[in-house]
Amino acid sequence: MGARNILVINCGSSSIKFALVNEQRDGFVIQGLAERIGLNDAEARLRWQCNGDKHARALPQADHKQALAAILPLAVEAAGGALHGIGHRVVHGGERFAQSTRITSETLDAIRAMAPLAPLHNPANLQGIEAALALFADLPQVAVFDTAFHQTLPEHAYRYALPEALYRDHGVRRYGFHGTSHQYVSVRAAQISGLAVDNSAWLTAHLGNGCSTCAIVNGQSQDTSMGLTPLEGVVMGTRSGDVDPGLAAHLARALGWSLDKIDAMLNRESGLLGLSGLSNDMRSLEQARADGHAGATLAIEVFCYRLAKSLAALSCALPQLDGLIFTGGIGENSALIRAKTVAHLRLLNLQLDEAANLACTGGAEGEIQRAPSARVLVVPTNEERQIALDTLALLEP
Ligand code: ADP
83 MGARNILVIN CGSSSIKFAL VNEQRDGFVI QGLAERIGLN DAEARLRWQC
133 NGDKHARALP QADHKQALAA ILPLAVEAAG GALHGIGHRV VHGGERFAQS
183 TRITSETLDA IRAMAPLAPL HNPANLQGIE AALALFADLP QVAVFDTAFH
233 QTLPEHAYRY ALPEALYRDH GVRRYGFHGT SHQYVSVRAA QISGLAVDNS
283 AWLTAHLGNG CSTCAIVNGQ SQDTSMGLTP LEGVVMGTRS GDVDPGLAAH
333 LARALGWSLD KIDAMLNRES GLLGLSGLSN DMRSLEQARA DGHAGATLAI
383 EVFCYRLAKS LAALSCALPQ LDGLIFTGGI GENSALIRAK TVAHLRLLNL
433 QLDEAANLAC TGGAEGEIQR APSARVLVVP TNEERQIALD TLALLEP
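Next comes the structure, spelled out in structure tokens:
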């Protein structure tokens, strides 16, 4: 059999991201984005890149199924007619899914049942799966969960100090997210470093619009910064990360804020955006800091200090530290954020080589520590490839 092609789909409430992964080729054969879909929007459109060429097409008033119906022929053509499977990103797998799984009617029911844990994401993910099943009933389809990699957390790491019935009856516990990214970069880091995955220990920092940290021992997640929802943990673009759990009651009593208002503030108006009063985008903040903007300067200081604090806390889960890995748009590109974060981690014996740190941007991977400190690596993430690898592993031989 020739090299197989997997279409990877990440379906949001008003968008579908897609990429075609060939098991023997780096990069994507075709990748693109359908946006403003499912909103009865005349401006809905599809953009894609194939062989370096950019294309766009209007999809007026398209819903998810119509958008996928436009995407699938493009993917089949780019695959030379041979598409072997579809991998779907699904945000929440709860305790039910510790691994990726072939999609059956039971899988669909279970993802649906998990919707209360991820009310914004799982229903959108399901829309994509259902549309793909309707259009391509004979193709093997696989669900890959953001939470699954973290199902190896020990109980002392995943339980909150809350009444036991909330866990037992309502699933209130820490789940963690970004699992495909943490897994992908830690396996790659072991390869780069000449270590066996099952005999290595890493701290990872996935820093995109959402940010999380993870402690990984012998290929298994042992602790992570996100919790019941993706709001817990480090400072993110617009999410606060950790705050005093008493904050919600305080805002409700003192200011009469509703739960919805508090939730929106913590998820969409906080983080880098809230602290800086300027932007959620790290590139803009770095520029503003260079121009002397006080809010941007503070946002960067808080981001790096809290990130370092999270990494130091997660080091409790490691027997030794083989390396710290930076990934995601910020982790892969920002020498400033890496330098400021590592400067807080001298007690972990981490120090950067300034020139190597500055040189590692724009998709480059490499080691950036100063000898003889513990390893610090930059590893570009590739969640689509990890989803395709999981999908390939579940196809019939
Ligand atoms: P998402 O989580 O949406 O996939 P990304 O992983 O693309 O996001 O990360 C987006 C973040 O990466 C933004 O804050 C962006 O400003 C930041 N970023 C991208 N390039 C750079 C750069 N050269 N320097 C600093 N930050 C960057």
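Oh and the sequence shown: position 70 is 152 in the working numbering, straight run, nothing missing. Here a beta-carbon is modelled for each residue, glycine too, at the ideal position from N, C-alpha and C. Bear in mind that the values here come from a model prediction, so they are computed numbers and not experimental data.
Candidates the options, of which the one nearest residue i by Cα
| i | options | result |
| --- | --- | --- |
| residue 436 | 423, 451, 430 | 451 |
| residue 461 | 454, 478, 407, 423 | 407 |
| residue 400 | 92, 442, 301 | 301 |
| residue 293 | 388, 443, 142, 282 | 388 |
| residue 414 | 456, 110, 365, 392 | 365 |
| residue 234 | 249, 362, 261, 467 | 261 |
| residue 379 | 323, 356, 459, 117 | 356 |
| residue 409 | 349, 311, 285 | 285 |
| residue 277 | 404, 221, 254 | 404 |
| residue 348 | 336, 384, 120, 311 | 311 |
| residue 358 | 337, 94, 457, 384 | 384 |
| residue 447 | 432, 466, 411 | 411 |
| residue 297 | 402, 200, 162 | 402 |
| residue 520 | 455, 206, 449 | The chain is shown from 83 up to 479; residue 520 falls before or after that span and cannot be answered. |
| residue 445 | 416, 150, 431, 251 | 416 |
| residue 259 | 189, 250, 288 | 288 |
| residue 191 | 225, 166, 202, 159 | 225 |
| residue 432 | 463, 397, 442 | 397 |
| residue 386 | 361, 166, 363, 418 | 418 |
| residue 126 | 103, 150, 363, 322 | 150 |
| residue 145 | 307, 124, 108 | 124 |
| residue 254 | 177, 478, 466 | 177 |
| residue 314 | 352, 458, 443, 216 | 352 |
| residue 116 | 107, 108, 140 | 140 |
| residue 478 | 319, 222, 106 | 222 |
| residue 441 | 459, 186, 100 | 459 |
| residue 377 | 390, 392, 361 | 361 |
| residue 153 | 236, 99, 230 | 99 |
| residue 304 | 119, 391, 215, 229 | 229 |
| residue 236 | 220, 257, 119 | 257 |
| residue 118 | 142, 102, 106, 107 | 142 |
Residue interval of the beta strand (DSSP E) (run including residue i)
| i | result |
| --- | --- |
| residue 131 | 127-132 |
| residue 51 | Residue 51 lies beyond the range of the chain shown here (83 to 479); nothing can be said about it. |
| residue 172 | 167-172 |
| residue 139 | 135-140 |
| residue 303 | 302-306 |
| residue 485 | A question about residue 485 goes unanswered here, because the residues of the chain that appear run from 83 up to 479. |
| residue 295 | 293-299 |
| residue 122 | Premise fails: residue 122 is in no beta strand (DSSP E) and is neither H nor E. |
| residue 97 | 97-104 |
| residue 283 | 283-289 |
| residue 310 | No beta strand (DSSP E) contains residue 310, which DSSP labels as neither H nor E. |
| residue 316 | That residue, residue 316, is in no beta strand (DSSP E); it is neither H nor E in DSSP. |
| residue 477 | Careful: residue 477 lies outside any beta strand (DSSP E) and carries neither H nor E. |
| residue 90 | 87-93 |
Boundaries (first-last residue) of the alpha helix (DSSP H) holding residue i
| i | result |
| --- | --- |
| residue 113 | No alpha helix (DSSP H) holds residue 113; the beta strand (DSSP E) holding it covers 112-117. |
| residue 252 | 246-252 |
| residue 156 | 146-160 |
Minimum Cβ-Cβ distance from residue i to chain B less than 8 angstroms
| i | result |
| --- | --- |
| residue 196 | Absent from the structure is chain B; it holds one protein chain and no more. |
Distance cut-off 7 angstroms: residue i Cβ against heavy atoms of ligand 2
| i | result |
| --- | --- |
| residue 173 | Absence of ligand 2 from the depicted structure is noted, with ligand 1 being the only ligands included. |
Under 5 angstroms, CB to nearest heavy atom of ligand 1: contacting residues: 290, 291, 363, 364, 365, 410, 411, 412, 415, 416
Meets three-Cβ-pair contact criterion under 8 angstroms: the segment 258-270 and the segment 341-354: no
Validate contact between the segment 127-142 and the segment 168-181 using beta carbons, cut 8 angstroms, 3 pairs: no
Contiguous beta strand (DSSP E) assignments of at least 3 residues, all confined to the segment 396-467: 405-409, 458-460
Length at least 4, wholly inside the segment 319-357: the alpha helix (DSSP H) runs in chain order: 329-337, 341-350
Sequence ranges, alpha helix (DSSP H) only - wholly within the segment 357-398, length at least 4: The segment 357-398 is shown to contain whole alpha helix (DSSP H) runs of 4 or more residues at 364-372, 376-396, in chain order.
3-residue-minimum beta strand (DSSP E) runs that sit fully inside the segment 191-242, ordered along the chain: 223-227
The segment 268-278 in contact with the segment 369-388 per 3-pair CB rule at 8 angstroms: no
The segment 464-477 contacting the segment 411-426, beta-carbon criterion three pairs below 8 angstroms: no
At least 3 beta-carbon pairs within less than 8 angstroms: the segment 277-297 vs the segment 324-337: As far as the Cβ criterion goes, the segment 277-297 does not touch the segment 324-337, which means the pair count is below three.
Segment contact flag, the segment 165-174 with the segment 188-200, C-beta cutoff 8 angstroms, min 3 pairs: yes
The segment 83-100 in contact with the segment 133-145 per 3-pair CB rule at 8 angstroms: no
The segment 205-212 / the segment 157-172 touching (three or more Cβ pairs under 8 angstroms): yes
Contact between the segment 91-98 and the segment 106-113 (3+ Cβ pairs under 8 angstroms): No: the two stretches stay apart, fewer than three of their Cβ pairs being nearer than 8 angstroms.
Cβ pair count under 8 angstroms reaching 3, the segment 238-247 against the segment 150-164: no
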